[in-house]
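The next block holds one structure in the form of structure tokens; read it before the comments.
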Amino acid sequence: DAVLRDMFQRSQLREIDVNLELEIESQGVIVQADPMRLGQVFDNLINNAIKYAPRSTVIIRLFVDGDDAVIKVIDDGPGIDKEHLERIFQRFYRVPETRMAVRGSGLGLYICRQIIIAHDGTIKAESDTGQGTTFYMTLPIVEGDESV
423 DAVLRDMFQR SQLREIDVNL ELEIESQGVI VQADPMRLGQ VFDNLINNAI
473 KYAPRSTVII RLFVDGDDAV IKVIDDGPGI DKEHLERIFQ RFYRVPETRM
523 AVRGSGLGLY ICRQIIIAHD GTIKAESDTG QGTTFYMTLP IVEGDESV
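Quick note: to get this note's numbering, add 422 to the position in the sequence shown (first position is 1).
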């Protein structure tokens, strides 16, 4: 949980237009990971929430499910239509309805997925138009050097 707490504190220092909440349901969860790369994933997901769902609430939740640490990033923004959910992790893909309104390259979520896969984890999104978006990441719990 150290990387999550650090990222949360850094986000609190920035002037952002979202309400951030951190919920750690399992203390001291240890995963073998590169804290800088995981921080990059969390920063990207929070920055996306700021861009696509300003003035919303973003909840970052950590808990254990079996042998995995599960991190959810939940926003109450406009959501993503189901037809785009798998494609948002493809390189250069951007949801057509947001291309003109929000700047971006379509690389952020692709990079997030590559980082999580490199850590033997998974990442997916669940959403529906008008219902907000939840990103789920799983990372295997091991006895390692860094905690999430």
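Think of the CB as a built atom: it goes at the ideal place given N, C-alpha and C, for glycine as much as any other residue.
It should be emphasised that the depicted structure is a prediction, and the values quoted were computed from it without experimental measurement.
Closest in C-alpha terms to PRO562, from the list ASP498, ILE493, TYR474 and LEU529, comes ILE493.
With at least 16 other beta carbons inside 10 angstroms of its own, ASP497 counts as buried. Distance from ALA547 to THR555 at the Cβ level is roughly 6 Å; contact confirmed, criterion being Cβ atoms closer than 8 Å. Beyond the five residues adjoining it in sequence on each side, SER448 comes within less than 6 Å, by CB distance, of PHE485 and VAL486 in the same chain, given in chain order. Judged by DSSP in its simplified three-state form, TYR558 adopts strand. Per DSSP, ALA475 lies in no beta strand (DSSP E) and is assigned neither H nor E. PHE464 is classed as buried because its beta carbon has at least 16 other beta carbons within 10 Å across all chains shown.
Runs of beta strand (DSSP E) with 3 or more residues, each lying fully within the region 527-556, are found at 544-549, listed in chain order.
By the Cβ neighbour-count rule, ALA424 is exposed, with fewer than 16 other Cβ atoms within 10 Å of its own. If you check the CB distance, LEU426 and ILE468 do not come in under 8 Å. The residue among ILE538, ASP550, GLY450 and GLY488 with its C-alpha nearest the C-alpha of GLN462 is ILE538. Burial state of ASN470 is buried, judged by a 10 Å Cβ sphere holding 16 or more other Cβ atoms.
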